[in-house]
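S.K.:
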Amino acid sequence: MELSKNYIPGTVEEKWYQLWRSKNYFKSEPDNRPAFTVVIPPPNVTGVLHMGHTLNETVQDILVRKARMSGFNACWVPGSDHASIATEAKVVDMLKREKGIDKNDLSREEFLKYAFEWKEKYGNIIYNQIEKLGCSVDWDRVSFTMDDHYYKAVIKVFVDLYKKGLIYRGARMINWDPAAKTALSDEEVEYKDVTGKLYYIKYEISINPPEGETLQSSNSENFIVIATQRPETIMGDVAVCANPNDERFAHLKGKKVIVPLINKEVPVIFDEYVDKDFGTGILKITPAHDINDFNIGLKYNLPVIDTLNEDGTLSEAAQIFIGEDRFVARKKIVEELSAKGLLVKEEEYSTRLGYSQRTNVVAEPKISTQWFVKMKDIAQPALEEVTSGRINIYPRDKFTATYKYWLENVKDWCISRQLWWGQQIPAWYDEDGNVYVGETEEEARKGQPATDNRPLKRDEDVLDTWFSSWLWPIEVFKGITQPNNKDINYYYPTSVLVTGQDIIFFWVARMIMAGMEYLHEKPFSDVYFTGMVRDKLGRKMSKSLGNSPDLLLLIHEYGADAVRFGIMISSPAGNDLLFDESSLEQGKHFNNKLWNALKLMKMWEEKIGVIDDRQPKTDEPGSQFAISWFENRLHEVRNEVDTLMNQFRLSEALKTIYSLIWDDFCSWFLEWIKPEFGHAMDQKVYEKAVYFFDELLQILHPFMPFITEEIYHLLKERKDDLMIKQFSPVQKAEEKLLQSGNKLKELISAIRDAKHKNKIKPKDNITLFVETDDETSYQPIRDILLKQVNAQNIFFNQKPVAHSIMLVTGKEKIYIESETEIDKESQKEKLLKDLDYLKGFLITVDRKFS
RNA sequence: GGGAGCAUAGCUCAGUUGGUUUAGAGCAUCUGCCUUACAAGCAGAGGGUCCGCGGUUCGAACCCGUGUGCUCCCACCA
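To convert, note that position 558 of the first sequence is 733 in the numbering used here; the numbers rise steadily by one, no gaps.
(1) Thinking just about the alpha-carbon of each residue, which of 251, 194, 591, 266 is nearest to the one in residue 350?
(2) From residue 712 to residue 721, what does the alpha carbon distance come to, in whole angstroms?
(3) For residue 374, write down the residues that DSSP places opposite it in a beta bridge.
(4) Grouping DSSP H, G and I as helix and E and B as strand, with all else coil, what is residue 614?
(5) Using DSSP with H/G/I as helix, E/B as strand and the rest coil, what is residue 589?
(6) Where does the unbroken alpha helix (DSSP H) through residue 779 begin, and where does it stop?
(7) Which whole-angstrom value is the C-beta distance of residue 543 and residue 346, which I expect to be below 8 Å?
(8) What residue range is occupied by the uninterrupted beta strand (DSSP E) comprising residue 545?
(9) Have a look at residue 319 and residue 325 and give me their C-alpha separation to the nearest angstrom.
(10) For residue 924 versus residue 848, is the C-beta spacing smaller than 8 Å?
(11) Quick check: what's the CA-CA separation for residue 184 versus residue 335?
(12) Just reading off the beta strand (DSSP E) that residue 557 is part of, what are its end residues?
(13) If you draw a straight line from the C-alpha of residue 761 to the C-alpha of residue 745, how long is it?
(14) On a CA-only basis, which of 352, 356, 489, 485 is nearest residue 406? Give me that one, please.
(15) Suppose the cutoff is 8 Å on Cβ atoms and the five residues either side in sequence are ignored; what does the same chain contact list for residue 817 look like?
(16) Using the Cα positions of residue 294 and residue 262, report the straight-line distance between them to the nearest angstrom.
(17) Report buried or exposed for residue 187, applying the criterion of at least 16 other Cβ atoms within 10 angstroms of its Cβ.
(18) Among residues of its own chain, excluding the 5 on either side of residue 508, which ones have a beta-carbon nearer than 6 Å to its beta-carbon?
(19) Where residue 579 and residue 382 are concerned, what is the direct C-alpha to C-alpha distance, given to the nearest angstrom?
(20) Taking a contact to mean a Cβ-Cβ separation below 8 Å, would you say residue 668 touches residue 699 in this structure?
(21) How should residue 209 be labelled, buried or exposed, when 16 other C-beta atoms within 10 angstroms of its C-beta is the threshold for buried?
(22) In chain order, what residues of the same chain lie with their CB nearer than 6 Å to the CB of residue 191, ignoring the 5 residues before and after it?
(23) Residue 455 lies in the beta strand (DSSP E); which residues open and close that run?
(24) Determine the contact status of residue 271 and residue 655, defining contact as a CB-CB distance below 8 Å.
(25) For residue 823, name the three-state secondary structure that DSSP assigns.
(26) Once you ignore the five residues that flank residue 393 on each side, which residues in its own chain have a CB closer than 7 Å to its CB?
(27) Label residue 670 either buried or exposed according to how many other C-beta atoms from any shown protein chain fall within 10 Å of its C-beta, with 16 as the threshold for buried.
(28) Can you tell me whether residue 369 is buried or exposed? The criterion is at least 16 other CB atoms within 10 Å of its CB, across all chains shown.
(29) The alpha helix (DSSP H) that contains residue 226, what's its start and end?
(30) For the segment 293-372, which segments carrying the beta strand (DSSP E) assignment without a break, of at least 3 residues, lie completely within its bounds, in sequence order?
(31) Can you tell me which of 663, 690, 776 puts its alpha carbon nearest to the alpha carbon of residue 850?
(32) Within the same chain, show all residues whose beta-carbon is closer than 6 Å to that of residue 554, passing over the 5 residues directly before and after it, in chain order.
(33) Which word fits residue 464, buried or exposed, when buried means at least 16 other C-beta atoms lie within 10 angstroms of its C-beta?
(34) Residue 759 and residue 708 look like a contact to me (Cβ under 8 Å); what is the Cβ gap, rounded to whole Å?
(35) In chain order, what residues of the same chain have a beta carbon less than 6 Å from the beta carbon of residue 522, not counting five sequence neighbours either side?
(36) Per DSSP, residue 290 is paired with what?
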């Protein structure tokens, strides 16, 4: 068979993925074996896989494949998330751009039709990418958070929590996204440091002018200065507030001030909340647009004047600049204040603003009636699962504290969204505003005896995406809609969750809550957080920077195995990963190394039994030594790799395997058993080499599934496939053999080095001292040395003699080049010490013939 | 403001209870080699006040203290 010069991944990958799939290797059904279950963190249905997904998916596939080969019934559930706000934004945008349709002109049903069409059209992109990456997911279990049963489960959970009193509706200050025109949860707001401006505005003190007189123009006596970042909200002011201990404002007790531009009188109030030393020491109270002001407003029973519309423009309540965008209005108001001499100054101010995670616009604090989940009680069991160690988080130090802190201080979760794409809240209202909750309208009515047959109107809003994703590990097995079914009983709790640290609150914590609430059991035993993928300069990957590579292009260029290799080798557990294409290059080279080892083996295979006319091979003992050494090295590495993988140190596990294959197998073992030029390969030795190669391919397979399967089949004709080949039990390595092998490697390196540096001339005799009486123990070494270092003469002795002596120690080579005996005390001492350390070898270089 | 993590070669990182490490790997750099599996390779080389300072110890990259720098998370200061 003719093998190509280099490994070509493309067709090989396509071939094997289809074969594996057609043989149902990815499929899982409950059986007698222990389950190893992983649910994929569902990517957004209309998204594409970015490098972060690639890392997560690769990690999961490695764990799943390893488990599958280790006697587990491995089940990896793929799927996607409807991602309500993100997807809806995309559909709205598409409708406007491609069809010129405004969402407001569509009915809910019409819009959802477009949205589902969009999902059908683009929803398969991620599945295709998951496939190309080689992920062994069970395609018969693809789940989507808007599947019929899933939708029902979400509704059922809402109703259930409502009945338990854990869901309530109320007017609260929430974060509002003026672009998407929906409420957001606190977690969906990202705070960014920005340089803003602080405007110092004059508020005149009302002096109750007699009828008919206008207000006096300002002087230092009759106005105060208030600092604000948001002059466009002054029309919503309902008071100004100072600290009661602040002497400067004591004279204002009982007075009123005039809000500029709209000339509205508001009272001066006093509260300890105000920091005397910040700004001007007095602040305006705008309950509708600031959470602190809102709280103060509640305390002093102040009115709430919302001066903004849902889209962030000024409302009629603002009286001026109605309909102008909030930022445009700010500019105009500043101009007008300035024109009227009411703007004292403006200064640069560094602050933090909340941005909507999805639309990236500044979120607006807004009073709004929304649905909330009471978190305190359901958070408690979720906290205990982690603090008790029943759920392990990796890396532990980094995230356990964060997790605890959030749960201990958890706030209620705003779950209603003013969108259409998602599970519609199962609540109905009558004309009087009474609320009816039930899975259907009929049921909702039933729950409330006081109702007559008045028509009810359903709540227009949908639920937060995370209110569906928190059921993911349960409902992918229909655990909510069909409790106690065969799948949920077998697969739950799942084994490990692999996900990004950025969704620890959004998703991980809430899944644990849902698991405890509905199955009274944790949803997974281990949580492994991967780091964030950055570019090689450490920058976040983003579309705008153009530093986020296209996964399919990378696979096309390097092959899926090389992509997997590259991303794993540079991925220290839990730390951010700096993605550099050169690591993919390294993966490609590694493919080729494996490929060439295969080529060498195939060459040998052809020559087995072919007798040539030269001397029969003489290196039998050498090969035997090589075999027993490598066998133990293999055991050693398998133990190491198991330990590392159990600790999720996958990057280190891969490095260990890489060096086992490249260095120990290719550079040492294959060289040691290589027949001398023109000689045939011994059948038994060859078979052993094939066995080792098999083992290596198996250890590597979870990391690089395609090339390993391909080589497995090219190496030998066989009926089974590597992907489902079961690992043999791990054996303990024999220390002595490992050491002998290492010593021999050191020895060969030392002699090569000595030759390189001309310390040994080609015609030199090399005398090797071995601390043993047993000649057979150094015979193999002699064989290997003869072959490896091409020494003319190698002699063995049991005691060191004079002349030039080279000591081979662990790391360095010490040459004693004297012509005389080693009688100096220091040299003797050193020699003895090194001899002890060496437990073995000494070489002398006899310069007699040089 | 509160909390967490990190700091080791040009870059990315190992270094598991302090002692077989006068500090290792991969990548990058430089120098030789197209040697009959592999130039996607082989053989070599250079490169480090283990962030600074102090302490514990026979012995510290590792433990303690302190300072500096970076990163992340949380938090309502106009």
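All C-beta atoms, glycine included, are put in the ideal place defined by N, C-alpha and C.
M.R.: Concretely, from the data shown:
(1) 591
(2) 13 Å
(3) 403, 521
(4) coil
(5) strand
(6) 756-782
(7) 7 Å
(8) 539-548
(9) 8 Å
(10) no
(11) 52 Å
(12) It is not in any beta strand (DSSP E) - residue 557 instead sits in the alpha helix (DSSP H) that spans 551-562.
(13) 11 Å
(14) 489
(15) 905
(16) 9 Å
(17) buried
(18) 406, 407
(19) 54 Å
(20) yes
(21) exposed
(22) 881, 884
(23) Note, residue 455: premise wrong, no beta strand (DSSP E); not H, not E.
(24) no
(25) coil
(26) Residue confidence for residue 393 is low, a pLDDT of 43 falling below 50, so the modelled location carries little weight and cannot support an answer.
(27) buried
(28) exposed
(29) 226-243
(30) 342-352, 357-359
(31) 776
(32) 582, 585
(33) buried
(34) That pair is no contact at about 13 Å.
(35) 373
(36) None, per the DSSP bridge assignment.
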